[in-house]
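1012 is the number of the first residue of the sequence shown in this note's numbering; add one for each residue after it.
Don't be surprised by glycine CBs; every beta carbon is placed ideally from N, CA and C.
Given the structure is predicted, the values throughout are model-derived calculations rather than measurements.
See structure below.
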Amino acid sequence: MKAILITFDQAYYERIIDMLEKSNCRGFTSWQEVKGRGSVAGEPHYGSHAWPSLASAIITMVEDSRVDTVLDKLHTMDVETPKLGLRAFVWNIERSI
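The following block contains the structure:
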């Protein structure tokens, strides 16, 4: 089992939820308002007067066999609109209850 942490501009929220559902990734936890700045490019997401946009984050636990599919779909979204910002990070899950 793997955990995928996805951080993204709020504009992606519905698309990501839809993609997870279509990829048979049912469970997730989301944070609607997170702040941050990417390490490569894109606009900061600070929720301030100068940088008004905010980001969101989702963590989902998926079977190993689904990771590449999810990452490929997320990468496609990011390439289509690179200024919005979208990143995903994968971790091994050793135990859960």
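Residue i versus residue j - alpha carbon distance
{"i": "E1091", "j": "V1101", "result": "22 Å"}
{"i": "R1077", "j": "S1034", "result": "7 Å"}
{"i": "E1074", "j": "I1104", "result": "10 Å"}
{"i": "M1012", "j": "R1106", "result": "9 Å"}
{"i": "L1031", "j": "A1061", "result": "32 Å"}
{"i": "P1093", "j": "E1025", "result": "17 Å"}
Which listed residue (the options) has its alpha carbon closest to that of residue i
{"i": "K1046", "options": "T1087, D1020 and T1080", "result": "D1020"}
{"i": "S1064", "options": "I1070, A1014, T1071 and P1055", "result": "P1055"}
{"i": "S1067", "options": "E1044, Y1057 and K1013", "result": "E1044"}
{"i": "T1040", "options": "W1062, A1014, G1049 and G1058", "result": "A1014"}
{"i": "I1028", "options": "I1108, K1084 and P1093", "result": "K1084"}
Residues near residue i by beta carbon distance below 7 Å, same chain, minus five either side
{"i": "Y1023", "result": "M1088, L1095 and L1097"}
Which of helix, strand or coil DSSP assigns to residue i
{"i": "H1060", "result": "coil"}
{"i": "K1084", "result": "helix"}
{"i": "K1013", "result": "strand"}
Identified DSSP bridge partners for residue i
{"i": "S1041", "result": "I1069"}
{"i": "R1098", "result": "T1018"}
{"i": "V1047", "result": "Strictly speaking, residue 1047 in this sequence is Gly, with Val absent from that position. DSSP lists H1056 as partners of G1047."}
{"i": "N1103", "result": "K1013"}
Close beta carbons around residue i, own chain, < 6 Å, minus the five adjacent residues each side
{"i": "L1016", "result": "I1070 and F1100"}
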